[in-house]
Each structure stands twice: as C-alpha cells, then as structure tokens.
Amino acid sequence: ARADAAVFSGSLPRGITQKDFAEFVQSVRRAAPHCRIFLDCPSLTIEAAAAIAPFLMKPNAEEAAELLGLPRSETPSPQAAVLWAEQLCIRGQCAHTVVSCGAAGAAYASKGGASGFLTAPKTERTVSTVGAGDSMLAGIIYGFFHENTADLKSALRWGAAFGSAACLTRGTQPPEQETVLKLLREL
Numbered sequence: 062a063r064a065d066a067a068v069f070s071g072s073l074p075r076g077i078t079q080k081d082f083a084e085f086v087q088s089v090r091r092a093a094p095h096c097r098i099f100l101d102c103p104s105l106t107i108e109a110a111a112a113i114a115p116f117l118m119k120p121n122a123e124e125a126a127e128l129l130g131l132p133r134s135e136t137p138s139p140q141a142a143v144l145w146a147e148q149l150c151i152r153g154q155c156a157h158t159v160v161s162c163g164a165a166g167a168a169y170a171s172k173g174g175a176s177g178f179l180t181a182p183k184t185e186r187t188v189s190t191v192g193a194g195d196s197m198l199a200g201i202i203y204g205f206f207h208e209n210t211a212d213l214k215s216a217l218r219w220g221a222a223f224g225s226a227a228c229l230t231r232g233t234q235p236p237e238q239e240t241v242l243k244l245l246r247e248l
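With the first letter of the sequence shown counted as 1, position 102 gets the number 163 in the working numbering; the numbers rise by one all the way through.
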C-alpha cells in the first residue's frame with residue numbers, strides 16, 4: 062500500500078482499548094512503512110502515544126497537561142508550553158509535537174531539533190472555535206506535504222493560518238483560502 066500520511070484524531074470509540082488502537086496503527090505502519098502518522102487523540106495516554114511513535118502529536122494545552130500528569134490550569138505561558146512540547150516529544154516518542162494554546166498560538170518541538178512558540182496571527186473577531194484544532198492539524202500537514210518542508214516551524218505557520226482562519230467561519234465550515242493566505246503573510 063502507498064500512503065504518505067495517516068491522521069488519527071478524536072476520542073477512541075467505545076470498546077476500543079488503547080492497546081487495540083496502537084496495534085491498528087502499527088498495522089497501518091506495516092502496510093505503508095513510509096507513511097507519516099499524525100496523532101490528535103485526547104483519550105490516549107503518553108504510554109499509548111509512545112507505543113505508536115507518531116511523526117507528529119498535536120494536543121491542546123489542556124490535553125498536554127493531562128498527558129504529562131500536570132494539574133489542569135489556564136493556558137500556560139509560552140515558555141511553559143514549549144517545555145511541555147519538548148517533554149511530550151521525548152516521552153511520546155514523536156518526531157514532532159505541537160501544543161496548541163488557543164488564540165495565543167502554539168508551542169512546538171522537534172526531536173533533536175528546534176523548539177519555540179509561534180504567536181497566532183491577530184484576527185478581528187472570533188466567530189467560532191469549532192474545528193480550529195482540526196484545521197490547524199490540516200494546515201500543518203499541508204505545510205509538510207504541499208510546501209515539501211521538513212521544518213516543523215514552517216509547517217506550523219500553515220497550521221496557525223488554517224486554525225486562525227477557521228475561527229472566522231461559522232460552525233464546521235473550512236476556512237477560506239484567501240483568509241488563510243492573508244493570515245499566513247502576517248506570521
């Protein structure tokens with residue numbers, strides 16, 4: 062089988078254990094050895110994520126705190142979020158980790174590479190945050206594949222633009238291309 066990417070997001074279905082899920086992802090990896098695994102599953106433990114060893118893991122700040130066994134709190138400072146991303150990258154056996162921090166932006170870390178915080182572009186007003194995290198992940202994937210970059214920060218710029226643009230649309234409507242490109246220029 063030929064696949065460049067597989068995205069696993071959302072909660073595990075009732076009756077599916079974390080071990081079952083990890084085994085399923087491993088079967089995908091065996092069928093498509095060069096496939097990059099993107100993971101955004103809030104119900105997984107850090108141990109389950111490590112068993113999968115995803116190319117990229119993208120929890121939000123609340124999920125990241127839970128994965129690391131930290132008390133849930135308000136959005137972390139950019140410095141704390143970067144430390145969380147670095148820890149998740151190591152403990153989750155990920156090539157890359159992004160911790161989304163809402164309107165503030167996102168922390169990022171790459172195994173053996175750069176880490177930092179990308180401030181989100183400023184938007185006039187938020188219409189809806191529904192799907193913003195999913196749009197961010199879609200933008201990151203777009204950055205890695207369409208822009209053919211291996212650099213997480215470059216891919217994350219696309220993710221921040223997609224996610225911020227999604228906040229300017231109603232419900233689950235995808236962001237407008239023109240809006241994404243405008244926000245990308247601001248990053």
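C-beta: ideal position from N, C-alpha, C; glycine also. Bear in mind the structure is a predicted one, so any value in this text is a computation, not a measurement.
- In this structure, the CA atom of residue 232 is about 34 Å from the CA atom of residue 87.
- For residue 206, the number of other beta carbons within 10 angstroms of its own is below 16, and it is reported as exposed.
- Taking the Cβ atoms as the reference, residue 100 lies roughly 7 Å from residue 117, within the contact range of under 8 Å.
- DSSP, reduced to helix, strand and coil, places residue 188 outside both helices and strands of the structure shown, so it counts as coil.
- Taking the C-beta atoms as reference points, residue 158 is found no nearer than 7 Å to residue 141.
- For residue 180, the enclosing beta strand (DSSP E) stretches over residues 176 to 180.
- Residue 197 and residue 75 have their alpha carbons spaced roughly 26 Å apart.
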